[in-house]
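Residue 264 in my numbering sits at position 209 of the sequence shown, with consecutive numbering throughout.
We put the beta carbon where it would ideally sit given N, CA and C, even for glycine.
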Amino acid sequence: MRVRPLIVAVPLLAGSLCLLSLPRATAQTSATVSAPSVVERATSPLSLWTSAQLAEPDDPARARAERFIRNLRRPDFSPPARTAPLVRPSAVTEALRGIIRRVHLAPGDRRVAITFDLCERAAHVTGYDARLVDALRQADAKATFFAGGKWMRSHPERAQQLMADSRFELGNHSWTHANMLTAPPDLRRRQVDWTAGEYELLREGLDRRLDARGLPSVARGPLTLFRLPYGRGDSGVAAFLNDLGYAVIQWDVVGETGRGDADAQAHAEAIVEAIRPGSIVLLHANAVPQGTAEVVRRLLPLLAARGYVTATVSELLAAGRPETVEDGYFTTPGDNRIYDEVFEDYGTGPRRR
Ligand SMILES: [Zn+2]
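Okay, here's the thing in structure tokens:
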């Protein structure tokens with residue numbers, strides 16, 4: 056069947072990324088999640104939780120409350136308990152410098168990276184879509200989550216569940232979604248370091264919990280991938296992040312249209328049409344925008360049918376040659392410049408009036 060072109064409305068998409076009005080409550084069906092295998096239960100850090108705790112809450116009100124965005128009465132600019140990482144990775148290698156959009160792989164290698172941002176500005180708490188993560192686990196799919204530092208602090212249990220899952224890796228999505236191109240250097244630095252500090256605190260807390268239960272540690276090193284909020288960044292921003300030890304990861308396939316998922320199947324088919332081996336797909340794992348869970352549930356079998364294999368971004372980077380650009384954008388250069396003006400406090404605060 057013919058599917059409509061994937062991304063026809065970048066401003067609409069971008070609006071849904073971050074304009075973030077209070078979403079409408081919609082009827083949702085509860086996804087089921089299969090119980091971990093006996094082996095996984097016995098040895099995986101994930102066995103710290105029951106299947107029910109990993110899945111979407113049974114209670115519909117709790118499920119909705121977790122999934123949807125909550126605006127704060129007052130923006131939260133407070134720092135994490137640790138404002139700099141104890142361990143900093145060394146500067147990235149020459150091959151990984153710049154703004155990476157996809158990875159050229161060896162012929163026959165059909166790996167792709169599905170990535171999910173967990174954006175959160177100072178003005179709100181953005182939630183978590185457990186149905187989406189359930190779908191990934193059920194399909195045993197790998198994925199990379201770019202988590203805001205404040206998001207991790209707002210959702211510590213969910214952040215630790217992602218850390219505990221060997222299918223997933225985490226990257227840095229700044230503390231409160233700062234526009235790294237317009238932010239002054241000291242704010243840029245805080246946005247990166249506070250997130251790394253929060254990640255370490257949660258990882259240490261998780262390892263203590265695992266140790267208390269006699270389970271193996273998650274054995275994760277420092278964050279080494281960064282995703283630019285609003286996709287905004289240039290070669291100077293990339294160099295700043297590269298020197299701090301981060302590879303800057305964008306996407307070559309924008310996976311969400313910002314229109315909700317009126318036709319999730321067509322939407323998933325459009326994503327598969329746009330994907331190539333080595334592609335990096337941009338999606339979100341909270342209600343920014345809504346509807347992604349159903350798209351993901353339909354996307355995973357389509358990928359398998361085309362012979363694609365999911366991989367983490369780090370696995371792609373290790374296997375091939377990154378394709379880089381000088382400026383960050385959604386689908387065409389300059390299509391995200393509007394974000395220099397939309398939110399207060401360099402993109403971290405409430406929407407400008
Ligand atoms: Zn974001």
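In the structure shown, I393 adopts helical secondary structure according to DSSP, grouped into three states. Judged by pairs of C-beta atoms under 8 Å, the stretch 180–198 touches the stretch 349–358, as three or more such pairs exist. The shortest CA-to-CA distance from F200 to any of E175, N227, S145, R263 is the one to N227. In the three-state DSSP reduction, D113 falls in the coil class, being neither helix nor strand. Relative to the non-hydrogen atoms of ligand 1, the Cβ of P284 comes within a distance shorter than 7 Å of at least one.
Measuring C-alpha to C-alpha distances from F171 to each of P356, F281, G375, A340 identifies A340 as the nearest. Of the candidates D266, R244, V397, R244 places its Cα closest to the Cα of D298. For the stretch 106–182, the full-length alpha helix (DSSP H) segments reaching 4 residues or more read 106–109, 115–122 along the chain. Nearest neighbour of T386 by Cα position, chosen from V397, A329, G362, turns out to be A329. For D241, the Cβ stays outside the 7 Å cut-off from all heavy atoms of ligand 1. One Cα belongs to G404, the other to P135, and the distance between them is close to 17 Å. Annotated as proximal: R287 and L236, with beta-carbon spacing under 8 Å. Distances between the C-beta of D172 and the heavy atoms of ligand 1 include at least one below 7 Å. Taking a cut-off of 8 Å for Cβ pairs, the stretch 367–377 and the stretch 150–161 touch, as three or more such pairs fall below it. Here the alpha carbon of T138 sits roughly 38 Å from the alpha carbon of I326. Taking C-beta separations shorter than 8 Å and ignoring five residues to either side along the sequence, the partners of E396 in its chain run R407, following chain order. Taking the CA atoms as reference points, A238 sits about 43 Å from A360. Less than 8 Å divides the Cβ of L103 from the Cβ of R268.
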